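Following: one structure in structure tokens, then a few remarks.
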């Protein structure tokens, strides 16, 4: 397994990690957006996104739609944690945001917490 992960790590010129505060998702027809997820202040992260890892926590049994976006480009998040190259080629130094909405039929508000991204860039 270590050998399979090595090419991904070698391809990334750098990475940054950001977290956002928890948020409450209350509607299906209107998304709730996280605070912007940005590179650490005072650091330079020029280049393009190679891949993005994400994680968030939601209560068991809750039904949410989740996306991760930069400006107008978004990717659907199929699970509460994962990694994707769907945002590859976008600027690595611009903000990302989580977008959440309740799924139809979910009647109770949901608190989403532990929001984190890891941006690998080159």
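In mature numbering (1 follows the signal peptide of the UniProt record, and there is no 0), the protein residues as written are -20 to -1, 1 to 102. Even glycine gets a Cβ: it sits at the ideal position worked out from N, Cα and C. None of these values were measured; they are calculated from a predicted model.
Quick check on residue i: buried or exposed, where buried means 16 or more other Cβ atoms within 10 Å of its Cβ?
i           : result
residue 61  : exposed
residue 100 : buried
residue 29  : buried
residue 14  : buried
residue -1  : buried
residue 46  : buried
Relative to the C-alpha of residue i, which residue among the options is closest?
i          : options          : result
residue 57 : 28, 27, 9 and 34 : 34
residue 12 : 102, 96 and 81   : 81
Spatial neighbours of residue i within its chain, please: C-beta separation below 6 Å, excluding the five flanking residues on both sides.
i          : result
residue 37 : 93 and 94
Tell me, which residues are paired with residue i by DSSP?
i          : result
residue 80 : 12 and 46
residue 17 : 76
Short of 8 Å in beta carbon distance, which residues of its chain neighbour residue i, apart from the five on each side in sequence? Order them along the chain.
i           : result
residue 25  : -7, -5, 19, 72, 73, 99 and 101
residue 142 : It is not possible to answer for residue 142, since the shown part of the chain is limited to -20 through 102.
residue 2   : 91, 92, 93, 94 and 95
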